[in-house]
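Remarks on the structure that follows.
Protein chains: 2
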Amino acid sequence: MISHDSCEQDQSGAPRRLWGMTFWLLGRAARNAQQLTQEQLTSAGMRRGFYGVLATIAEFGPAAQAEIGRRLGIDRSDMVAILNDLESEGFITREQDSTDRRRNRVALTRAGRGALSRFDRAIAEAEDKLLTAFTLDERAQLVGLLERLVQPPQ
Amino acid sequence: MISHDSCEQDQSGAPRRLWGMTFWLLGRAARNAQQLTQEQLTSAGMRRGFYGVLATIAEFGPAAQAEIGRRLGIDRSDMVAILNDLESEGFITREQDSTDRRRNRVALTRAGRGALSRFDRAIAEAEDKLLTAFTLDERAQLVGLLERLVQPPQ
DNA sequence: AGGCCAACGTTGGTGCGACCAACGATAGCG
DNA sequence: CGCTATCGTTGGTCGCACCAACGTTGGCCT
């Protein structure tokens, strides 16, 4: 149970004007979703942008910090902090790129791959909890609509 | 045009693993939507939680600060700051509730009503921009799904 | 009546995420 | 060679959500 005080996140009594407004609903949904998943994820040892970074390296191979950031829409300066954490957990390694000494070559470790699949399971679990009330069709609908919203057909 | 540097919000190159994950898509969608609307709204003189508060008072009439916060899922302490701003803009008035001296009776001013309808127009414009690629049916679908996500069982 | 608990508004502080400015180092190109 | 751009890094700002504590006030119970 959350509901210490303060917010209570009832929000069923919000003005009708707000229900039906996409930007409002998106904000609320994102807040609730993150709140719901965070509990699951932090208990799995996952922080900040861990998952996105690990998934990016896993899919595209070792890359420079700036490139990872560009793929994820994360600022270079914020990437530094994330990678510091990931490195101190032993999930990634940073070494100077031999072909361009400005770049760091960020690579996954074995522990990093293990963490990624642990996070995969934790996220799947959290999403299931978030979407209990939805049929598979509806989940696909939601994902499809959100994908188009995030990535407008160029 | 934003794209000063840093983020660039391309994110078309994000790993496939992330596309299809609700919590990730929700976060991105909310970020993009807010970013898109904020530009419109700040130019209309709207800040922070202005719209939600004004809309709440407009629909339910004058109310205590804590009640507005409860309806919107906003902490009491944050409400204070929002109402300070709204008051200094002349959009609301605070007076002590005569029946319960703990409460403040927060009421809309004429200027507040005017601001609310200005914000209404600005938001409608922003949402149209956000949802250009969507048919009316799809917009309704999206809103319906998000509503159920925000407002789970009963 | 008195005593206890809950709610109110307010202050102050925390943490997180996004963003921006600047630096030294390095690469590419004219 | 200079000029410009990119890289990683540091440090700082802003907004939002959250929490703890306080003094005030109301409601309730015995």
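In order, the protein sequence lines correspond to chains A and B. Read in my numbering, the first sequence has 23 at position 23, and its numbers run on one by one without any break. Quick note, my numbering runs 154 ahead of the 1-based positions in the second sequence. Glycine included, C-beta positions come from ideal geometry on N, C-alpha and C.
C-alpha gap between residue i and residue j, whole angstroms
i: Pro169 of chain B; j: Gly112 of chain A; result: 16 Å
i: Leu131 of chain A; j: Gly244 of chain B; result: 42 Å
i: Arg275 of chain B; j: Gln188 of chain B; result: 16 Å
i: Ile156 of chain B; j: Arg256 of chain B; result: Since pLDDT at Ile156 of chain B reaches only 33, below the 50 mark, its modelled position is unreliable, and the value read off the structure follows with that caveat. One C-alpha to the other measures close to 46 Å.
i: Gln38 of chain A; j: Leu179 of chain B; result: 15 Å
i: Ala183 of chain B; j: Leu149 of chain A; result: 6 Å
i: Ala218 of chain B; j: Gln194 of chain B; result: 30 Å
i: Glu162 of chain B; j: Ala269 of chain B; result: Per-residue confidence for Glu162 of chain B stands at a pLDDT of 48, beneath the threshold of 50, marking its modelled position as unreliable; no derived number is given.
i: Ala140 of chain A; j: Gly73 of chain A; result: 24 Å
i: Leu142 of chain A; j: Asn104 of chain A; result: 37 Å
i: Met79 of chain A; j: Pro62 of chain A; result: 15 Å
i: Leu108 of chain A; j: Asp97 of chain A; result: 15 Å
i: Ile246 of chain B; j: Arg264 of chain B; result: 9 Å
i: Ala220 of chain B; j: Tyr51 of chain A; result: 37 Å
i: Leu240 of chain B; j: Leu208 of chain B; result: 9 Å
i: Gln151 of chain A; j: Glu301 of chain B; result: 22 Å
i: Leu145 of chain A; j: Ser166 of chain B; result: 16 Å
i: Arg118 of chain A; j: Arg171 of chain B; result: 14 Å
i: Ile82 of chain A; j: Phe60 of chain A; result: 18 Å
i: Ala133 of chain A; j: Asn186 of chain B; result: 26 Å
i: Glu279 of chain B; j: Trp19 of chain A; result: 17 Å
i: Asp229 of chain B; j: Val106 of chain A; result: 41 Å
i: Ala58 of chain A; j: Ile68 of chain A; result: 11 Å
i: Thr289 of chain B; j: Ile277 of chain B; result: 18 Å
With 16 other Cβ atoms within 10 Å as the buried cut-off, status of residue i
i: Arg70 of chain A; result: buried
i: Arg202 of chain B; result: exposed
i: Asp291 of chain B; result: exposed
i: Asn84 of chain A; result: exposed
i: Thr99 of chain A; result: exposed
i: Thr196 of chain B; result: exposed
i: Gly199 of chain B; result: exposed
i: Thr210 of chain B; result: buried
i: Glu127 of chain A; result: buried
i: Thr176 of chain B; result: buried
i: Gly27 of chain A; result: buried
i: Ser242 of chain B; result: exposed
i: Arg94 of chain A; result: exposed
Bridge partner(s) assigned by DSSP for residue i
i: Leu108 of chain A; result: A:Ile92
Closer than 8 Å at the beta carbon, the chain B residues around residue i
i: Val22 of chain A; result: Sequence check: residue 22 of chain A is Thr here, not Val. What Thr22 of chain A touches in chain B: Ala187, Glu281, Leu284, Leu285, Arg293, Leu296, Val297, Leu300.
i: Thr109 of chain A; result: Ordered by position in chain B, no residue passes the 8 Å Cβ test against Thr109 of chain A, which lies about 18 Å from the chain.
Residue i: contacting residues in chain B (beta-carbon distance under 9 Å)
i: Leu136 of chain A; result: What Leu136 of chain A touches in chain B: nothing, since even the nearest Cβ is about 13 Å away.
i: Leu149 of chain A; result: Leu179, Arg182, Ala183, Asn186, Ala187, Leu284, Leu285, Ala287, Phe288, Leu296
Contacts that residue i makes with chain A (C-beta to C-beta distance below 8 Å)
i: Pro169 of chain B; result: Gly52, Ala55, Thr56, Ala58, Glu59, Phe60, Arg71
i: Ile277 of chain B; result: Met21, Phe23
Cross-chain neighbours of residue i in chain B, by beta carbon under 7 Å
i: Thr37 of chain A; result: Phe177
Cross-chain neighbours of residue i in chain A, by beta carbon under 7 Å
i: Leu172 of chain B; result: Gly52, Ala55
Quick one: which unbroken alpha helix (DSSP H) runs of 4-plus residues sit fully inside the stretch 43-75 of chain A? Chain order, please.
50-60, 65-72
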